[in-house]
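Residue numbers (this note's numbering): 4 to 114. No residue lacks a Cβ here, since even glycine has one placed at the ideal position from N, Cα and C. Computed from a prediction, not measured in an experiment: that's the story for all the values here.
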């Protein structure tokens, strides 16, 4: 593994730490982390469902929003919510699903 690969892995681990923490008892119900996609700055928010019980494990939904350098929403930028039926059983799975959906949306947009 070269230096650039190590840096990429460390950056991903650091970004995913608050997302992974959502699965822990007593964790907040949501985490928002930055992401980059091509030349776009994104905020990915992962939310744990409010219905949690012994017979019903938590589910994690997501939202993706394109933001500017200042962190404000980009007018006309990418905004994607997950469907309730698409909720993941793991917060990290929800994060990667959100990025895949954002990539698909960017790929399908007219040039």
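Nearest-angstrom Cα separation, counted from residue j out to residue i
i	j	result
residue 98	residue 79	22 Å
residue 37	residue 86	21 Å
residue 63	residue 109	23 Å
residue 13	residue 59	33 Å
residue 72	residue 32	26 Å
residue 5	residue 39	21 Å
residue 9	residue 91	28 Å
residue 93	residue 74	27 Å
residue 107	residue 11	22 Å
Inter-residue CB distance, residue i and residue j (contact presumed, cutoff 8 Å)
i	j	result
residue 81	residue 105	6 Å
residue 44	residue 16	Contact doesn't hold; Cβ gap of about 20 Å is too wide.
residue 49	residue 34	5 Å
Own chain partners of residue i with C-beta closer than 8 Å, once the 5 adjacent residues on each side are dropped
i	result
residue 30	24 and 51
Residues near residue i in its chain [Cβ-Cβ closer than 7 Å; skip 5 each side]
i	result
residue 95	19, 22 and 23
Contacting residues, own chain, Cβ-Cβ under 6 Å from residue i (five flanking each side not counted)
i	result
residue 46	35, 68 and 70
Given residue i as reference, the closest of the options once Cα atoms are compared
i	options	result
residue 77	65, 7, 42 and 113	42
Enumerated in chain order, which unbroken segments of the alpha helix (DSSP H) with a length of 4 residues or greater are wholly contained in the segment 61 to 98?
-> Listed in chain order, there is nothing to give.
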